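Residue numbers (this note's numbering): 33 to 405.
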């Protein structure tokens, strides 16, 4: 149940030069055959690189060179617990930068410049920093400051909205007034008077604003925004422990079941926020992609026998895709010195180190990366 709850949370949130490390890649050829409506705070960099948090570091996967390396500004770094990139957690990726916090202390916001391989701390508070969101050349985020009483006890946490100019690196507090609690951008629609939606993450309320300085906001009831003319709905069966995904046509009210047999899944979005397709693991542990614009365009991948596919979830902050390339998390089965699988007391194969399976939902190509230890 805990895994299911965490996965549902991730669904809501989803709603250079880099120093080289050991790059062990298995290019094994794998055969192929031809209501989530939340906007994601996750941005995609370009059509080549994928950034994923692994083992306390950020790993960059190059889908062209089929190589991986640890993101780090120091070419001589040993990538141990003293590394400046150790425990960094991705909060946002843009075409220019990666914005991160420390996994233990989330009161500092770091920027990693992908053009010059440099990292710097750009914002600090004594409170917390919530998920940033990219709109044009600006980054919007909320952060809190603590107030203490005469005895040194925390008495109040005050939240404010901030904006970063990616061109000038200028950071401004957008309003003197505090906001109720942590907020992030819920929906930005550039075709409707540049309306910005903000989702209040604690109380579950919404605000609407056409003022990019966040001075004029209006409280509204939660609304369900159709995507490409459809309302989408997620279901889960406690009997089968499988997810379902369906949509309803806004004009005709016609319902369509996209799948009802997923162990794990994620929606793949285009850069403009429209839905591209859905990638899921079915009950037979086959990886399947369905194009939401053309359901007949379906690709499936049989996972190699030496790995077990774990999930395709969109973890907050990680890009997990680049162009038509998408990441699935796998784990390698352990083998002995002779190459035989190691079995447990019940005769089941034992899982070992983790890996990453990368698939192309347009060409059907796929390959596997070892996780950098």
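From the three backbone atoms N, C-alpha and C, an ideal C-beta is built for every residue, glycine too.
Computed from a predicted structure; not experimentally measured.
- In the DSSP assignment, residue 354 is bridged to 357.
- In the three-state reduction of the DSSP assignment, residue 245 falls in the coil class.
- The Cβ atoms of residue 276 and residue 260 do not sit closer than 8 Å to each other.
- The distance from the Cβ of residue 294 to that of residue 314 is about 6 Å, consistent with a contact at the 8 Å cut-off.
- Going by DSSP, residue 132 is part of the beta strand (DSSP E) stretching over 129–134.
- Judged by DSSP in its simplified three-state form, residue 280 adopts strand.
- In terms of Cβ geometry, residue 357 and residue 82 form a close pair [threshold 8 Å].
- DSSP places residue 188 within a strand segment (E or B) once states are collapsed to three.
- Selection 106, 170, 162, 155 evaluated against residue 148 yields 106 as nearest (Cα-Cα).
- By the Cβ-count criterion, residue 155 is buried, with 16 or more other Cβ atoms from all chains shown falling within 10 Å of its own Cβ.
- Across the set 146, 139, 183, the C-alpha of 139 shows the shortest separation from the C-alpha of residue 177.
- Taking residue 180 as the centre and dropping the five residues before and after it, the same chain places the C-beta of 186, 187 closer than 7 Å to its C-beta, in chain order.
- Close CB contacts of residue 361 within its chain, under the 6 Å cut and outside five residues either way in sequence, are with 342, 343 (chain order).
- One alpha carbon belongs to residue 324, the other to residue 308, and they sit about 6 Å apart.
- Put simply, the backbone Cα of residue 174 is about 10 Å away from that of residue 190.
- Looking at the DSSP output, residue 137 shares a beta bridge with no other residue.
- For residue 161, the number of other beta carbons within 10 angstroms of its own is at least 16, and it is reported as buried.
- Contact between the stretch 378–392 and the stretch 84–104 is present: 3 or more CB-CB pairs across the two stretches fall below 8 Å.
- Shown here, residue 372 sits in coil according to DSSP, grouped into three states, outside any helix or strand.
- Here residue 362 carries a strand assignment [DSSP, helix/strand/coil].
- A residue is called buried when at least 16 other Cβ atoms come within 10 angstroms of its Cβ; residue 199 does not meet this threshold and is exposed.
- According to DSSP, residue pairing for residue 267 in a beta bridge involves 276.
- If you ignore the 5 residues before and after residue 338, its C-beta comes within less than 7 Å of the C-beta of 364, 365, all in its own chain and listed in chain order.
- About 7 Å separates the Cβ atoms of residue 262 and residue 282, confirming a contact at the 8 Å cut-off.
- For residue 309, the enclosing beta strand (DSSP E) begins and ends at 307–314.
- Secondary structure at residue 330: strand, using DSSP grouped into helix, strand and coil.
- Here DSSP, grouped into helix, strand and coil, assigns residue 199 to coil.
- Secondary structure at residue 205: strand, using DSSP grouped into helix, strand and coil.
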